[in-house]
Amino acid sequence: MIRIGQAGIPLSCKGRTNKDGLAYTKQVLDLNAMEIQFVRGLYVMKDEEAQFIKDYSKENDVELHVHAPYYINLAGDEEVNLSFDKILFSARLAGKMGAKTVVVHPGYYGELSERKTLKRIIKNTKKLQSLFKKEKLKTKIGLETMGKQKVFGSIDEIVEVCNNVKGVIPAIDMGHIHARGNGCLKERKDFEEVFQKLKPLRLKHYLIHLTGVLYENGNEYYHLPIKKGDMPLAPLIDIILDNNYNVTFISESPLLEHDAVYIRLQVEKAIMKRTGKEEADYRDLSEIV
Ligand SMILES: [Zn+2]
513 MIRIGQAGIP
523 LSCKGRTNKD
533 GLAYTKQVLD
543 LNAMEIQFVR
553 GLYVMKDEEA
563 QFIKDYSKEN
573 DVELHVHAPY
583 YINLAGDEEV
593 NLSFDKILFS
603 ARLAGKMGAK
613 TVVVHPGYYG
623 ELSERKTLKR
633 IIKNTKKLQS
643 LFKKEKLKTK
653 IGLETMGKQK
663 VFGSIDEIVE
673 VCNNVKGVIP
683 AIDMGHIHAR
693 GNGCLKERKD
703 FEEVFQKLKP
713 LRLKHYLIHL
723 TGVLYENGNE
733 YYHLPIKKGD
743 MPLAPLIDII
753 LDNNYNVTFI
763 SESPLLEHDA
773 VYIRLQVEKA
783 IMKRTGKEEA
793 DYRDLSEIV
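So, in structure tokens, the structure goes:
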């Protein structure tokens with residue numbers, strides 16, 4: 513199954529609440545996923561709104577994810593409790609909305625070596641996971657792959673944390689992997705390597721962030737529209753269709769929903785190529801599996 517949506521309220525949606533954005537994602541864009549953004553500080557959401565979002569997304573089959581505030585440091589010392597608070601706050605709301613994942617930026621190396629940072633992040637992610645259990649939060653923690661050298665979160669590091677903390681999954685930000693590898697995702701074999709690295713986790717579902725990205729020396733500068741970046745989508749989509757992977761694509765491009773629709777068109781093009789037909793629906797893969 514392939515799901516497609518965007519990170520946040522669509523730019524072309526007049527109403528600026530998450531409720532509006534969700535209904536627009538379904539009714540206007542005809543997409544079936546959305547990642548709700550709690551990224552700029554802590555967001556207040558009334559129970560009523562969370563309930564509406566939960567009911568609406570269930571009735572209309574729109575899968576939800578949540579992005580926790582950007583500034584999180586699970587490698588931090590004293591500040592780690594503040595990071596736990598932000599993540600728990602996001603996760604409680606995610607739970608009320610029935611969201612599958614709360615996406616988290618893992619943290620920074622700071623003064624620590626890479627190895628020590630890894631150990632500390634594993635330790636703190638375990639602690640966080642136990643806090644989730646204590647509160648009976650069902651939303652999964654999704655650790656994001658990060659696009660800068662000084663930030664913890666190469667694909668190998670994220671896989672290692674997930675391998676050590678049961679139930680924690682990777683949020684696979686392809687643009688970040690591409691930037692960190694200084695443009696490493698060009699051909700099919702490059703994307704295959706990513707899936708190969710993820711293999712030990714035996715994921716039943718892949719949450720994938722997509723955007724174009726401007727980078728230099730293995731560091732992300734900023735996001736670009738997908739067409740302006742140099743990471744191709746076609747080989748990634750081919751691998752997914754060949755393996756019948758269960759994925760959710762979230763567009764994080766500055767064009768947000770426009771690029772979500774672009775992803776959809778690329779998926780449908782790939783399906784048509786396989787079926788030989790002139791029509792395709794990204795939700796229906798029955799003819800190619
Ligand atoms: Zn992120």
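Numbering (my numbering), first residue to last: 513 to 801. Note that CB positions come from ideal geometry on N, CA and C, so glycine has one too.
Using only the alpha-carbon positions, how far apart do residue i and residue j sit?
i, j, result
"R528", "K628", "42 Å"
"M686", "Y555", "26 Å"
"K662", "H688", "13 Å"
"G665", "H721", "14 Å"
"I565", "S602", "15 Å"
"I752", "L719", "12 Å"
"N563", "H577", "Contrary to the premise, residue 563 reads as Gln rather than Asn in this sequence. For Q563 and H577, the distance between alpha carbons rounds to 15 Å."
"K638", "T657", "18 Å"
"A611", "D573", "12 Å"
"K608", "L534", "15 Å"
"I584", "V671", "19 Å"
"R632", "V616", "16 Å"
"D702", "D559", "44 Å"
"G695", "D742", "8 Å"
"V759", "K740", "24 Å"
"G622", "M784", "48 Å"
"E561", "G517", "20 Å"
"P747", "V779", "11 Å"
"F596", "L643", "9 Å"
Does ligand 1 have even one heavy atom less than 7 Å from the beta-carbon of residue i?
i, result
"E728", "no"
"V615", "yes"
"E656", "yes"
"H735", "no"
"H579", "yes"
Going by DSSP, name the residue or residues bridged to residue i.
i, result
"N675", "DSSP output for N675 lists no bridge partner at all."
"Y718", "V759"
"P682", "L655"
"A545", "G517 and E575"
"F664", "G619"
"T613", "H577 and K652"
"L726", "Y734"
What are the boundary residues of the beta strand (DSSP E) that includes residue i?
i, result
"Q518", "I514 to A519"
"H735", "N731 to L736"
If you follow the alpha helix (DSSP H) that residue i is in, where does it begin and where does it stop?
i, result
"E790", "First-last for E790: undefined, no H or E at that position."
"T637", "E626 to K646"
"G533", "N530 to Q539"
"R700", "R700 to L710"
Closer than 8 Å, CB to CB, is residue i near chain E or not?
i, result
"G533", "This model lacks chain E altogether, as it is built from one protein chain only."
Should residue i be listed as close to ligand 2, given that the test is whether its C-beta is under 7 Å from any heavy atom?
i, result
"R786", "This structure lacks ligand 2; its bound ligands are ligand 1."
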